[in-house]
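Take a look at the structure set out below.
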Amino acid sequence: MKKVKSVASRRAFSRKPPEKEVVWPERFEAKAVPRQRRRWGPIILAVSGLIIIVCLSLLGLAYGYASAFAREAGVPLMTLVQSVYQGWQEDVWGIDNQVTFLVLGLDAVVNQRDNSQLTDTIMLVIAQRDGTIRLISLPRDLWLAALKTKINALYYYGEKDKLGQGKDFTRTWVTQITGIPIDEIVILKMDWVKTAIDAVGGISVPIETGFSDSQYPRDEADLTSTDPAVLYKAVVFNPGIENMNGARALEYMRSRQSPLSSEGTDTAREKRQQAVMKTLMTKLTSGTLMRPAVFGELYRLKNQAFKEVPDWYWVSLFRAWIKRPITLKTTVIPIKTNEQPDDLLTVPSIEKYGQWVFEPVDPSFKELQQYLQQELK
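Positions 808 to 1184 (our numbering) are the ones given, in order, by the sequence shown.
Here you go:
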């Protein structure tokens, strides 16, 4: 039989024990510890010394590079310093923020054979402040009705009939044709291009279409000979990227007798010339100039091609591009091979002028000027 607990016992069992009073310990006040003063003098002295050492090291490197470059370039160091200082103060960019060079390429091999001073390459190089460089090739066979000659003869007639005014005569007419003011003119010998390419260690040129040319003129051929084997040689270019030295690059730029219709034209030559120049300029802006020997050799070439352009001019030009990426763009003027309205040049029959020429669809050249302005935007 279960025992039943009494009510009193249950209450006694469920009663909670009395809570003990919690006595909190007395708080102790923290005693103030005197703060030790930092000695800033040695720290400032050490940092200042480090900054001075870094600055002196950089100045030493800059002086060493400038001295090495001056020796390679054959120019006094103080002259370079003065040019850099003046260029840093001047601003060569016009109100349109661009500088335009007209490059006239004289090919000694071709001119020796033809006994002339015709410009084998006619190219506008338009440098813009934002870092864009635009290459615009003008066809060497572009017909000028007012003068009854082709554009590649402008320099020749300026030198012959205008008593040595080849540059100015060419500048005037190219500006009228394109509507683009020209700031500087460069007479570029193709041998200089060869030297520049070799100086930078060659260039890698993309070849879109392979072709061959069995009538490429030999550089040092005996012109009194009538033997084709003496006068000409065969050159072959395969599609893809080819590493070219200066001589090979000139063959790629000059070739004009390919049996392949797409590569045996002046338009194809213009595109190849632009490809070589674009690749060369890309390599020049990729850090190659950091080597004093290379920079010095290119400087000597610059003095031959740009005799009338002072050094400070180039400093001012490149100063605007220090923190901007360089973008190279190319333009070839469209030639009408069908009835497309956008084509600007046409090829008339040889009977019309007695020679192969490109004739402007618009004799006033207004359409050409509008096209070029759109390309520059």
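C-beta atoms are modelled at their ideal positions from N, C-alpha and C, and glycine is treated no differently.
State whether the segment 1074–1094 contacts the segment 1131–1141, with contact taken as three or more CB pairs (one from each stretch) at a distance under 8 Å. yes
List the residues that DSSP assigns as beta-bridge partners of A934. V906 and I940
For G1047, list the residues DSSP reports as bridge partners. I1014
Under 8 Å between C-beta atoms of Q924 and Y963: Their beta carbons are under 8 Å apart, which means Q924 touches Y963 by this criterion.
Determine the direct distance from the alpha carbon of R878 to that of L945, and round the result to whole angstroms. 39 Å
Quick one: what's got a C-beta closer than 8 Å to W1163's C-beta in the same chain, skipping five residues either side? D948, V1154 and I1157, listed in sequence order.
Return helix, strand or coil for D1020, following the three-state DSSP convention. strand
V993, enclosing beta strand (DSSP E) - first and last residue: E991 to K996
Range of the contiguous beta strand (DSSP E) that encloses L945: No beta strand (DSSP E) contains L945, which DSSP labels as neither H nor E.
Supposed contact pair F1044 and G1017 - C-beta distance, whole angstroms, cut 8 Å: Correct: roughly 6 Å between the Cβ atoms.
Ends of the beta strand (DSSP E) at K1173? That residue, K1173, is in no beta strand (DSSP E); its alpha helix (DSSP H) goes K1173 to L1183.
With distance defined between alpha-carbon atoms, name the residue in S1171, G1161, F1125 and Q1177 nearest to D937. F1125
Identify, in the order they occur along the chain, each residue of the same chain with its Cβ nearer than 7 Å to the Cβ of M1084, setting aside the five sequence neighbours on each side. Around M1084: L942.
Where does Q905 land, buried or exposed, given buried means 16+ other C-beta within 10 angstroms? With 16 or more other Cβ atoms within 10 Å, it is buried.
Quick check on D1117: does DSSP put it in helix, strand or coil? A small correction: the amino acid at residue 1117 is Pro; Asp does not occupy that position in the sequence shown. In the structure shown, P1117 sits in coil (DSSP, three-state: anything other than H, G, I, E or B).
Would you mind giving the Cβ-Cβ distance between Q1064 and Q1022, rounded to the nearest angstrom? I have them listed as a contact below 8 Å. For a cut-off of 8 Å, the C-beta gap from Q1064 to Q1022 is around 4 Å, short enough to register as a contact.
Taking the continuous alpha helix (DSSP H) assigned at L1108, which residues delimit it? P1099 to A1112
I'd like to check one pair, V910 with V993: are the Cβ atoms closer than 8 Å? yes
With a 10 Å radius around its C-beta and 16 neighbouring C-beta atoms as the bar for buried, classify Y892 as buried or exposed. exposed
Count the CB pairs spanning the segment 1100–1111 and the segment 996–1010 that are closer than 8 Å, and state whether there are at least three. yes
Cα-Cα, which of A960, L1091, V1101 and W1121 is closest to I1133? L1091
How far does the beta strand (DSSP E) with L1135 in it reach, from first residue to last? T1134 to V1139
Look up D927 in the DSSP assignment and say whether it is helix, strand or coil. DSSP, read as helix, strand or coil, puts D927 in strand.
Is the beta carbon of T907 sitting closer than 8 Å to the one on P988? yes
With DSSP collapsed to three states, give me the class of E1166. strand
Contact belief for T928 with G912 at Cβ below 8 Å, rounded distance in angstroms: Going by Cβ atoms, the distance from T928 to G912 rounds to 3 Å, so yes, they are a contact pair.
What separation, rounded to the nearest whole angstrom, lies between the Cα atoms of Q1180 and T1074? Approximately 21 Å between the Cα atoms of the pair.
When the Cα atoms are used, what is the spatial distance from T1089 to L1135? 8 Å
Since T1033 is in the alpha helix (DSSP H), which residue starts that stretch and which ends it? Segment: none, T1033 is in no alpha helix (DSSP H) and carries neither H nor E.
DSSP on G856, reduced to helix/strand/coil? helix
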